[in-house]
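**Student:** In our numbering, the protein residues as written are 124 to 324.
#1: On the DSSP bridge assignment, give the partners of residue 223 in chain order.
#2: Under DSSP, the alpha helix (DSSP H) around residue 206 begins and ends at which residues?
#3: Whole angstroms is fine: what's the gap from residue 171's alpha carbon to residue 191's?
#4: From what residue to what residue does the alpha helix (DSSP H) around residue 142 run?
#5: Report the three-state DSSP secondary structure of residue 154 (helix, strand or coil).
#6: Roughly how far, in whole angstroms, is the beta-carbon of residue 261 from the beta-carbon of residue 187, given that I think they are within contact range, below 8 Å?
#7: Among the candidates 229, 310, 199, whose CA atom is the shortest distance from the CA of residue 145?
#8: Is the Cβ-Cβ distance between residue 218 and residue 248 less than 8 Å?
#9: How is residue 305 classed by DSSP in three states: helix, strand or coil?
#10: My assumption, with CB atoms under 8 Å, is that residue 164 sits in contact with residue 139. Please give the rounded CB distance.
#11: So, do the stretch 226–233 and the stretch 202–214 have three or more beta carbon pairs nearer to each other than 8 Å?
#12: Among the residues of its own chain, which have a CB less than 7 Å from the CB of residue 204, if the five just before and after it don't count?
#13: Which residues does DSSP pair with residue 268 in a beta bridge?
#14: Quick check on the burial criterion: 16 or more other C-beta atoms within 10 angstroms. Buried or exposed for residue 306?
#15: So, with DSSP's three-state summary, where would you put residue 128?
#16: Are the CB atoms of residue 169 and residue 196 nearer to each other than 8 Å?
#17: Going by DSSP, which residues form a beta bridge with residue 168?
#18: Work out the CA separation of residue 136 and residue 152 for me, nearest whole Å.
#19: Beta carbon of residue 266, beta carbon of residue 216: below 8 Å?
#20: Would you identify the three-state DSSP class for residue 176, choosing helix, strand or coil?
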């Protein structure tokens, strides 16, 4: 996918060269996804109707985006987890959208924790899919690899550690303000920082 800012500052996506993998047991579901993507200008669409097809295609070529039905062979979430942990670059870091017929809170959390970029509710609309693709192109979420999680950063905003809580990241700072570890700066030192002196050479 190629993202660029137009003259008006809006993000423009050129999806002509994008390689997209669609995985769904239903041939009709794959046809619908294909038609939507072709409407966005995508010309290179691969189709998988089983978990085995998905693994084979993901191992054979690189994709810029993957759309995976959560119920694919009853293993859509596991396929995302497998590719994030054991797949080869660049596919293991590619954006993956999980498509689900119903999304109770538990399934959304499962999708988030397996490494999916987003969960979309079926039947999917072209507008929602395009919004998510644009968001992915604009957001630039970090890719996180820890012992318990591999996938895009699950924080959409960096608002700091929740009030009264402890951060889960190694670089999260404490919300408590402790005693100064060094003497305070003098007013002259503060003035020098705010109004740097000219130096003659």
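Each residue gets a CB set at the ideal place from its N, CA and C atoms; glycine is no exception.
In this text, all values refer to a predicted model and were calculated from it rather than measured experimentally.
**Tutor:** So, from the data block:
#1: The residue given as residue 223 occupies position 100 in the chain shown. Its beta-bridge partners are 244.
#2: For this step, residue 206 is matched to residue 83 along the chain shown. Looking at the DSSP string, the run of the alpha helix (DSSP H) that includes residue 206 is 199–209.
#3: As a working note, residue 171 is residue 48 in the chain shown. As a working note, residue 191 is residue 68 in the chain shown. The straight-line gap from Cα to Cα measures roughly 9 Å.
#4: The count along the chain shown starts at 1 and reaches residue 142 at position 19. Taken as a continuous stretch (DSSP letters only), residue 142 belongs to no alpha helix (DSSP H), being part of the beta strand (DSSP E) at 142–146.
#5: In the chain shown, the residue the question calls residue 154 occupies position 31. Residue state, collapsed to three classes: helix.
#6: One-based indexing of the chain shown puts residue 261 at position 138. One-based indexing of the chain shown puts residue 187 at position 64. Their Cβ separation, rounded to whole angstroms, is 15 Å, which puts residue 261 and residue 187 out of contact at 8 Å.
#7: Your numbering for residue 145 matches position 22 in the chain shown. The option with the nearest alpha carbon to residue 145 is 199.
#8: Stepping through the chain shown from its first residue, residue 218 is reached at position 95. Stepping through the chain shown from its first residue, residue 248 is reached at position 125. No, these two residues do not count as a Cβ contact at 8 Å.
#9: Mapped onto the chain shown, residue 305 falls at position 182. If DSSP states are grouped into helix, strand and coil, residue 305 belongs with coil.
#10: Looking up residue 164 in the chain shown gives position 41. Looking up residue 139 in the chain shown gives position 16. About 5 Å separates the CB atoms of residue 164 and residue 139; that is less than 8 Å, so the two are in contact.
#11: no
#12: In the chain shown, residue 204 corresponds to position 81, counting from 1. Same-chain partners within the cutoff: 237, 238.
#13: Reading the chain shown from its first residue, position 145 is the one you call residue 268. In the DSSP output, where bridge partners are listed per residue, residue 268 has 273.
#14: Reading the chain shown from its first residue, position 183 is the one you call residue 306. Exposed: under 16 other Cβ atoms inside 10 Å.
#15: By one-based count along the chain shown, residue 128 stands at place 5. In this predicted model, residue 128 has a pLDDT of only 46, less than 50, meaning its place in the structure is not dependable enough to derive any value.
#16: The residue labelled residue 169 in the question sits at position 46 within the chain shown. The residue labelled residue 196 in the question sits at position 73 within the chain shown. No, these two residues do not count as a Cβ contact at 8 Å.
#17: Along the chain shown, read from residue 1 onward, the residue named residue 168 stands at position 45. According to DSSP, which records beta bridges pairwise, residue 168 is partnered with 143.
#18: Translated into the one-based positions of the chain shown, residue 152 becomes position 29. Translated into the one-based positions of the chain shown, residue 136 becomes position 13. Using only the alpha carbons, I get a separation of about 24 Å.
#19: As a working note, residue 266 is residue 143 in the chain shown. As a working note, residue 216 is residue 93 in the chain shown. For residue 266 and residue 216, yes; Cβs fall inside 8 Å.
#20: Counted from its first residue, the chain shown places residue 176 at position 53. Looking at residue 176 - three-state DSSP - the assignment turns out to be helix.
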